[in-house]
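Inspection log for the structure reproduced underneath, given as structure tokens.
Residue numbers (the working numbering): 6 to 94.
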């Protein structure tokens, strides 16, 4: 399981229509810790005046969060962005 796959499984758990947090979906403890570390960093961010379009703000925020990493691809970014925007709806 790659980090992108783990992020998607953790957030979408069996294709749920609503993003959430499903640690049981990532059985590998080390990989789950990496996923949770990213989500913890993301949780520290709050929307500001630039969040007039919540989905666009979430995408920009997540891309900035993972910009220095080479292990998070588009699937992981989409999953994290969905969770961040859902959290602040």
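Just so it is clear, CB atoms sit at the ideal spot from N, CA and C, and this is done for glycine as well.
Hey, quick one: how far does the alpha helix (DSSP H) through residue 42 stretch, first residue to last? The residue given as residue 42 occupies position 37 in the chain shown. 34-48 is the span of the alpha helix (DSSP H), which, as asked, contains residue 42.
Report yes if the CB atom of residue 77 is closer than 8 Å to the CB atom of residue 47, and no otherwise. Along the chain shown, read from residue 1 onward, the residue named residue 77 stands at position 72. Along the chain shown, read from residue 1 onward, the residue named residue 47 stands at position 42. No, these two residues do not count as a Cβ contact at 8 Å.
Residue 39 to residue 55 span [Cα, whole Å]: Position 34 of the chain shown, counted from the start, is the residue given in the question as residue 39. Position 50 of the chain shown, counted from the start, is the residue given in the question as residue 55. Their backbone Cα atoms lie some 28 Å apart in a straight line.
C-alpha distance - residue 43 paired with residue 81, whole-angstrom precision: Locating residue 43 in the chain shown gives position 38, counting from the first residue. Locating residue 81 in the chain shown gives position 76, counting from the first residue. Approximately 10 Å between the Cα atoms of the pair.
Give me the residue from 21, 36, 19, 59 with the minimum Cα distance to residue 9. As a first step, residue 9 must be located in the chain shown, where it is residue number 4. Measuring from the Cα of residue 9, the nearest candidate turns out to be 36.
In whole angstroms, give me the CA-to-CA distance for residue 89 and residue 63. Translated into positions along the chain shown, residue 89 becomes position 84. Translated into positions along the chain shown, residue 63 becomes position 58. Going from the Cα of residue 89 to the Cα of residue 63 covers about 6 Å.
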